[in-house]
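So the sequence shown is numbered by our numbering: it starts at 1423 and just counts up by one.
Heads up, the beta-carbon is just placed ideally off N, CA and C, and yes, glycines get one too.
In this text, all values refer to a predicted model and were calculated from it rather than measured experimentally.
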Amino acid sequence: MPFDALAFDEAVEVFSNPLPRGAIRGEAIHFCNAYSVALAEISPEFCEVVARGDYVCCDGVPITWAGKLLFRGDGLTWDRVYGPDVMTAVLARGDKHQSRHYFLGGSEHTLGALSERVREIWPNTQVVGVESPPYRALSSAELSEQVRRVRETGATHVWVSLGQPKQDFATAFLAENLVAKVFAVGAAFDFLAGVKPQAPKWMQRSGTEWMFRLGSEPGRLFKRYFWGNPMFLYSVAKGLVVHRP
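Shown next as structure tokens:
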């Protein structure tokens, strides 16, 4: 899985700007963590759809550690480019860049809370649409209708929160069919809306955020961490053999 080694401020600057006039397709931006790497180990299809993305950001601190370990001496910047933080920073610049934002995913309650929060904090940032799709897979006709609805709003930034790997496939599809920047941002909606607690900053910086999230949602996240973390370490070990830093 290819990652882009970006400084956080650089990523925010790039992602805040709408696509240039005359663009004929969108951009797919994926935020990937240790669990993403674990999924890529067992799903070539998932790995391929992420690899085709325009940007693959280091969403988790362990990814930045692995990058620094595997590619030390290459002069690369391995900042954590975390989906919720990027989304917050891009929304804060909405007025300056005249961007138009569409939120796809989450429950109606979460989307309502998120929209209200954006209006309160950044009143000049335009939210042009929200959509809570059904949990099941959508038919071809439903996907076409979804694209039509988003396109008609003139959205420049589409934020997708459907959980992995579903959101990454949706992001790739939307970027191919819209002229917009499309972001697969995971739990960002829940955190920004205030409907789920976020780990303290010291846990985020120390790479122990997963412990906080597991404690908050043990039933849903047990497999992600107790299967995903060892699989991620396996991937890093393979990388040490292949790259020989």
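Would residue i be called buried (16 or more neighbouring beta carbons within 10 Å of its own) or exposed?
| i | result |
| --- | --- |
| residue 1489 | buried |
| residue 1446 | exposed |
| residue 1624 | exposed |
| residue 1662 | exposed |
| residue 1587 | buried |
| residue 1558 | exposed |
| residue 1458 | buried |
| residue 1494 | exposed |
| residue 1650 | buried |
| residue 1641 | exposed |
| residue 1572 | buried |
| residue 1646 | buried |
Tell me which residue opens and which closes the beta strand (DSSP E) that residue i is part of.
| i | result |
| --- | --- |
| residue 1432 | Premise fails: residue 1432 lies in the alpha helix (DSSP H), 1430-1438, not in any beta strand (DSSP E). |
| residue 1485 | Counting along the chain, residue 1485 falls outside any beta strand (DSSP E), though it belongs to the alpha helix (DSSP H) covering 1483-1492. |
| residue 1617 | Premise fails: residue 1617 is in no beta strand (DSSP E) and is neither H nor E. |
| residue 1368 | Nothing about residue 1368 can be reported from this structure: the residues present for the chain run from 1423 to 1667 only. |
Does the CB of residue i have a neighbour CB from chain B at under 7 Å?
| i | result |
| --- | --- |
| residue 1507 | Note that chain B does not occur in the displayed structure, where there is just one protein chain. |
Just reading off the alpha helix (DSSP H) that residue i is part of, what are its end residues?
| i | result |
| --- | --- |
| residue 1459 | 1456-1464 |
| residue 1606 | Looking at the DSSP string, residue 1606 is not in any alpha helix (DSSP H); the run it does join, the beta strand (DSSP E), is 1603-1606. |
| residue 1593 | 1588-1599 |
| residue 1695 | This structure cannot settle anything about residue 1695, because the visible part of the chain is limited to 1423 through 1667. |
Who are the near neighbours of residue i in its chain, counting only those whose CB is closer than 6 Å to its CB and skipping five residues on each side?
| i | result |
| --- | --- |
| residue 1502 | 1480, 1483 and 1486 |
| residue 1579 | 1521, 1523 and 1603 |
| residue 1553 | 1526 |
| residue 1363 | Past the edges of the chain, shown from 1423 to 1667, lies residue 1363, and the structure says nothing about it. |
| residue 1425 | 1478 and 1480 |
| residue 1430 | 1501 and 1503 |
| residue 1548 | 1522 |
| residue 1433 | 1503 |
| residue 1654 | 1456, 1459 and 1460 |
| residue 1515 | 1438 |
| residue 1594 | 1450 and 1471 |
| residue 1589 | 1582 and 1606 |
| residue 1428 | 1503 |
Short of 7 Å in beta carbon distance, which residues of its chain neighbour residue i, apart from the five on each side in sequence? Order them along the chain.
| i | result |
| --- | --- |
| residue 1469 | 1423 and 1462 |
| residue 1648 | none |
| residue 1532 | 1611, 1612, 1615 and 1617 |
| residue 1439 | 1519 |
| residue 1529 | 1554 |
| residue 1643 | 1635 and 1636 |
CB-CB under 8 Å to residue i, same chain, minus the five flanking residues each way: which ones, in chain order?
| i | result |
| --- | --- |
| residue 1560 | 1568 |
| residue 1622 | 1634 |
| residue 1517 | 1544, 1546 and 1547 |
Exercise for review: Return the chain-ordered ranges of every alpha helix (DSSP H) run that is complete within the stretch 1512-1585 and spans a minimum of 4 residues.
Suggested key: 1516-1519, 1530-1543 and 1562-1575
**Study point:** Validate contact between the stretch 1596-1604 and the stretch 1617-1629 using beta carbons, cut 8 Å, 3 pairs
**Key:** no
Check your understanding: Counting Cβ pairs, one atom from each stretch, are 3 or more of them under 8 Å apart for the stretch 1564-1582 and the stretch 1633-1640?
Key -> no
Check your understanding: Within the chosen definition, does the stretch 1497-1514 reach the stretch 1435-1453 through at least 3 CB pairs nearer than 8 Å?
Key -> yes
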